[in-house]
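Enquirer: Going down the list, the protein sequences come from chains L and B.
Mapping to numbering that gives the first Met the number 0: the first sequence position 200 is 199, numbers consecutive.
Mapping to numbering that gives the first Met the number 0: the second sequence position 150 is 149, numbers consecutive.
Glycine residues also receive a C-beta, built at the ideal position from the N, C-alpha and C atoms.
Handing you a structure now.
2 protein chains.
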Amino acid sequence: MAKVEFNIACTLCDHLKDSLFNGLNPEDMSRINNHKTCIQYKKGQNIFYEGTRPTGLYCMNGGKVKVYKNNVQGKEFIIYIAKPGDFLGYRALLSEDFYKATATVLEDAKICFIPKESFFEVLQKNPVFMRRVVQAVCNEMGIMEEKLAELAHKSVRERLAANLLMLKETYGMEGEGSTLIELALSREDLASIVGTATETVIRLLSEFKNDGLITFEGKKIRVLDARKLAKQADLIIA
Amino acid sequence: MAKVEFNIACTLCDHLKDSLFNGLNPEDMSRINNHKTCIQYKKGQNIFYEGTRPTGLYCMNGGKVKVYKNNVQGKEFIIYIAKPGDFLGYRALLSEDFYKATATVLEDAKICFIPKESFFEVLQKNPVFMRRVVQAVCNEMGIMEEKLAELAHKSVRERLAANLLMLKETYGMEGEGSTLIELALSREDLASIVGTATETVIRLLSEFKNDGLITFEGKKIRVLDARKLAKQADLIIA
DNA sequence: AATCAAAACTGATAAAAGTCATCTTTTTCG
DNA sequence: CGAAAAAGATGACTTTTATCAGTTTTGATT
């Protein structure tokens, strides 16, 4: 499981359009580009650990990474799943804090590392970029507030349904016709997203399947009836 | 319940030292000061509503304000309780978004309103201030991640104990000897903080009281045995 | 002080979800 | 390929917590 380096110019990156780096002026772009290190990771490898200090920013070029916290009993809660174009570990970096979560590769990933100094330099010189970062962070916060309320007052069934819909939206292929969740999650990982026990997820998934709301395609899940699923999630009434 | 204006120079504000405005240069400080409007609110009044657009930033000068989301069935989840020195509503403002929560006065409050334009002007002109705001936002996010994991995997009893300790730390008087939670919360509000039913909070509180962990003083709660409470919260083992 | 409303409390019950044990299927890897 | 491990699935059982219905207490108002 050795780390393999690769290289791609940021300007040629397929995911630049989805990234916060999009629209950066050439000077700043090359500052990022010239200082980055790009590494290929295999499934199961860790990107960073809870309790350690960030030394830079990770920028996803391929694959999927889960960011999660472990509680005392070793139970995992997945805070989010990073996809290409996403930044990783910026929260701890920007608040000059330890990592409060661990990041582990879910699907073989290509990730670029930008040293703290380079990132901060661009951030300080470029108020427009700073503004966009702030906006993204605050957006993220809004989503987390939503999740908090959901976790506090929705049943596991509702949360599972809601998360399946979210996963379909976020990791489905582009275009409206996308119904397949392009992410092979284990039942255990799904449980860690929803905040419940693995057995409960298994039972509910097979109920959803029996009711024709979803099907399993290999390790992936296809949403057959998004509307009924939304009803299960209590997102639409009646 | 008419709104009553008052005025206090920012430089003379008792809570400047706890605020993100602390350390602002005189020019920026007076820009904020000259454009602010300060209003006294009574318990129960609303500061802003979920679904509306922010037009500026609120800065707490006195009292307490709860920021919460209502779910479909009308159940409330309190995201945080703002105290003097805190900013209110900056998340939606910075992400150019609607308010995703409602703010209601818990204890008669004095709140200053800074128009969007003035705030953004200072933010843009002053990268150090911007940096501090970003740091605060990211810190807040770290706390919310913690809350998410707590909500996902801890029992109601553990969460209540943890929240009582948090309330003691945050709203107790300064100094180590502070054991009284300086905030008269109804059982219903406490339930909305913990994410449970009012009856459950009532039952657990009286258990905690019987076990000598807390006492009631009027409408307030005093933490008698923080160590045992931390044990109940599963924060320390054995 | 009497009245009313809201908040606090109590008990009974039911539903939801976790845990544990076991079994089957799939995947991994020498 | 075949053994071992991991993931998935199922059943029985228990615990936790929500819900409902009702009572008591407190506080506000006239």
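1. Could you pull out every unbroken beta strand (DSSP E) segment of at least 3 residues lying fully inside the segment 126-182 of chain B, listed in chain order?
2. Helix, strand or coil for E116 (chain L)? Go by DSSP, reduced to three states.
3. Excluding the 5 residues flanking I78 (chain B) on each side, which residues of the same chain have their C-beta closer than 7 Å to its C-beta?
4. Hey, could you find the ends of the alpha helix (DSSP H) V193 (chain B) is sitting in?
5. Which of the residues in the segment 87-119 of chain B, read from start to end, lie with their CB under 7 Å from any CB of chain L?
6. What's the C-alpha gap between K300 (chain L) and S185 (chain L)?
7. What residues in its chain sit with their C-beta under 8 Å from that of T51 (chain L), if we drop five residues either side in the sequence?
8. Could you tell me which of L:F118, L:L93 and L:K41 sits nearest to D27 (chain L), measuring between CA atoms?
9. Using only alpha-carbon positions, find the residue among B:T195, B:L212 and B:V222 that is nearest to K74 (chain B).
10. Give me the DSSP bridge partner(s) of T197 (chain L).
11. Is A237 (chain B) close to chain L? Criterion is C-beta to C-beta, closer than 9 Å.
12. Thinking C-alpha only, which one of L:A8, L:A225, L:K227 and L:H34 is nearest K115 (chain L)?
13. With distance defined between alpha-carbon atoms, name the residue in L:C111, L:F86, L:L19 and L:E157 nearest to I7 (chain L).
14. Does DSSP put L122 (chain B) in a helix, in a strand, or in coil?
15. Can you find at least 3 beta carbon pairs, one from the segment 31-47 of chain L and one from the segment 147-161 of chain L, that sit closer than 8 Å?
16. Check whether the Cβ of V132 (chain B) lies closer than 9 Å to any Cβ atom in chain L.
17. Identify every residue that forms a DSSP beta bridge with G61 (chain L).
18. What's the gap between the Cα of V132 (chain L) and the Cα of L19 (chain L)?
19. Which residues does DSSP pair with Y67 (chain L) in a beta bridge?
20. Can you list, in chain order, the residues of its chain whose CB lies under 6 Å from that of D17 (chain L), leaving out five sequence neighbours each side?
21. Are C9 (chain L) and I31 (chain L) closer than 9 Å when you measure CB to CB?
22. Can you look up A237 (chain L) in the DSSP assignment and give me helix, strand or coil?
23. Strictly below 7 Å CB to CB, what residues from chain B border N70 (chain L)?
24. Please compile the residues from chain B whose C-beta is within a distance smaller than 8 Å of the C-beta of P126 (chain L).
Expert: The answer reads as follows:
1. None, since the segment 126-182 of chain B contains no complete beta strand (DSSP E) of that length.
2. helix
3. Around I78 (chain B), the same chain offers V66, Y67, K68 and A100 as residues with beta carbons nearer than 7 Å, after the five sequence neighbours per side are excluded.
4. R186 to V193
5. R90, L93, S94, E95, D96, K99 and A100
6. What the structure shows of chain L is the stretch from 0 to 237, and residue 300 (chain L) is not part of that stretch, so it cannot be assessed.
7. For T51 (chain L), where only same-chain residues beyond five positions count, the Cβ hits under 8 Å are F97 and Y98.
8. L:F118
9. When C-alpha distances from K74 (chain B) are compared across B:T195, B:L212 and B:V222, the shortest belongs to B:T195.
10. Looking at the DSSP output, T197 (chain L) sits in no beta bridge, so it has no partner there.
11. Because A237 (chain B) carries a pLDDT of 46, less than 50, the predicted location of this residue cannot be relied on, and the following value inherits that uncertainty. For A237 (chain B), the answer is no, since every Cβ of chain L falls outside 9 Å of its Cβ.
12. L:H34
13. L:C111
14. Residue state, collapsed to three classes: helix.
15. Counting Cβ pairs under 8 Å, fewer than three are found: no touch.
16. yes
17. When beta bridges are read from the DSSP output, G61 (chain L) appears opposite L:K109.
18. 7 Å
19. L:I77 and L:T101
20. Here the set comprises G84.
21. yes
22. Its pLDDT being 45, under 50, A237 (chain L) is placed unreliably by the model, and the measurement read from it follows with that caveat. Three-state result, A237 (chain L): coil.
23. A148 and H152
24. Here the neighbours are Q123, P126 and M129.
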